[in-house]
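A quick write-up on the structure given underneath.
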Amino acid sequence: MPPIYRPIEHTDLKAIAGVFVESLNHRQIAVGLEPLVDLNDPHAWEEMWQTVRRPLFEHVSAHAGTGWLAEVDGKVSGYARTIQREHVCQLTELFVSPGQQKAGLGRELLKRAFINVESRSKLILANSNPAAISRYLRSGVYPVSTIFDLERKAEARPIETDLEARPITNDADTQVALNEIDRAILGYIRPEEHAWLCSQRSGFLYWRNGIPQGYAYAGQWNGPMAALAPEDMPAILAHAETIAAQAGETFGLMVPMPNRSAMMHLIERGFTLDTGHTMYFMADFSPPGLDRYIFSMPGFFA
Ligand SMILES: CC(C)(COP(=O)(O)OP(=O)(O)OC[C@H]1O[C@@H](n2cnc3c(N)ncnc32)[C@H](O)[C@@H]1OP(=O)(O)O)[C@@H](O)C(=O)NCCC(=O)NCCS
């Protein structure tokens with residue numbers, strides 16, 4: 011039977027998350043890393059789905075974008091989703107079950123996910139899988155920046171700055187400030203992500219003389235983080251790491267290579283570069299502020 015392609019429904023979210031985990035497990039093992047979870051252990055998988063994956067999978071499908079899945083012999087075997095934020099269409103996921111790869115499912119799913127986006131900007135946070143990169147290049151994006159994964163056990167750090175940290179809330183002034191920073195750094199706004207991040211992580215806006223200068227989210231997953239001036243990045247990182255340390259978390263970050271101030275700050279504090287998770291910012295545009303930005307982990311959206 012040829013594969014069936016159809017739009018993703020809300021009731022499909024756990025099945026596509028299963029494809030995501032199965033596909034990543036396979037890739038993790040191939041590059042010598044631990045699998046995310048044993049899918050044959052229903053308790054472990056159910057717990058991971060409810061606590062870690064479900065909020066993110068629901069968020070991606072909750073706003074503007076596309077979602078397509080492929081069924082092979084009645085089984086969900088691949089899927090792709092995008093989110094649409096202003097003029098930017100970002101591919102959040104493209105995953106095919108290991109047993110169904112190299113048969114054209116990825117090509118068909120990507121074609122459907124990026125349908126009707128010719129007049130918009132495309133963005134993908136890609137891993138280093140050659141099959142994925144080859145597909146993405148042919149969809150019209152190019153590698154704008156390498157993204158390194160740096161991490162270590164979080165520590166309380168001295169914070170030498172005149173910035174004032176205030177918790178991110180859902181009020182109108184905070185939203186205006188976040189949007190202004192995103193427009194300066196990314197070139198587009200995404201209030202949907204901030205509303206979701208604010209419900210999941212500890213978020214802070216950093217002010218100087220009543221003017222917003224940057225933001226950061228920390229928690230079980232960290233990022234995104236942004237600073238209008240690169241000189242403020244070390245203090246923002248030190249503050250976010252201190253928040254993560256209070257919760258006893260590991261401090262893992264996805265840092266674009268042009269963000270020199272963050273890279274130097276982290277390397278000098280003993281963070282290690284995890285080359286197994288190197289990613290690429292692929293797009294058909296170059297955002298103005300990758301030198302002052304840290305991505306949201308895991309790399310579903312910028
Ligand atoms: C990436 C992925 C979605 C691709 O799906 P797929 O169904 O296997 O892909 P397709 O069969 O449609 O296409 C694969 C293409 O990669 C090409 N390819 C594979 N290895 C390649 C290499 N080393 N160099 C260049 N091209 C390569 C194949 O030739 C094929 O292109 P073609 O159709 O023009 O011949 C799938 O491999 C997957 O799920 N991988 C694990 C998860 C992952 O890495 N996802 C990407 C997240 S950013």
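When we follow the working numbering, the leftmost residue of the sequence shown carries the number 11, and every step to the right adds one.
A virtual CB, placed ideally from N, CA and C, is assigned to each residue, including glycine.
From the options, residue whose alpha carbon lies closest to that of residue i
i	options	result
D172	H97, A293, G309 and P222	P222
P168	P240, R145 and T252	T252
E259	R218, G299 and S212	S212
Y216	H73, I26, E174 and N180	E174
A272	L160, C208, A254 and L133	L160
L300	H249, D192 and P177	D192
I277	M292, E128, Y290 and F261	F261
L207	I157, V265, G88 and P177	P177
P297	A142, S131 and Q210	S131
V154	M235, M267, L43 and A123	M267
M235	E241, D242 and A226	A226
N137	A293, T288 and R302	T288
P52	G28, G150 and P17	G28
A228	I246, I199, H20 and M11	I246
Residue i versus residue j - alpha carbon distance
i	j	result
V31	R270	33 angstroms
G1	T285	In the structure as shown, the chain begins at 11 and stops at 312. Residue 1 is therefore absent and cannot be evaluated.
I26	F67	9 angstroms
Q110	D181	46 angstroms
N35	G220	47 angstroms
L263	G233	7 angstroms
F295	L133	8 angstroms
Y152	S144	10 angstroms
V86	E103	15 angstroms
P308	W231	7 angstroms
G114	I125	17 angstroms
Rounded Cβ spacing between residue i and residue j (contact assumed at less than 8 angstroms)
i	j	result
V47	A54	5 angstroms
A312	L147	Rounded, the Cβ-Cβ distance is 19 angstroms, inconsistent with contact.
L119	A164	Between A164 and L119 the Cβ distance is about 37 angstroms, and since that is not below 8 angstroms, they are no contact.
G75	R63	Their Cβ separation, rounded to whole angstroms, is 18 angstroms, which puts G75 and R63 out of contact at 8 angstroms.
V70	G88	V70 to G88, Cβ: 16 angstroms. No contact.
A194	L238	6 angstroms
F291	I157	6 angstroms
For residue i, the three-state DSSP class (helix, strand or coil)
i	result
Q230	coil
A67	Note that residue 67 corresponds to Phe in the displayed sequence, not to Ala. In the structure shown, F67 sits in a helix (DSSP, three-state: H, G or I).
S209	helix
G28	helix
T171	coil
S131	strand
M11	coil
Y146	helix
G120	First, the amino acid is wrong: residue 120 is Leu here, not Gly. Helix, per DSSP.
R218	strand
T184	helix
R176	strand
P244	helix
Short CB-CB distance (under 8 angstroms) between residue i and chain D
i	result
G116	Considering every chain present, this structure includes no chain D. It has just one protein chain.
DSSP beta-bridge partners of residue i
i	result
A237	G224
S138	None, per the DSSP bridge assignment.
I157	P266 and M289
Y89	L79 and F105
I304	M235
L283	L160
Heavy atom of ligand 2 within 7 angstroms of residue i beta-carbon
i	result
Q111	As far as ligands go, the structure on display features ligand 1 and does not contain ligand 2.
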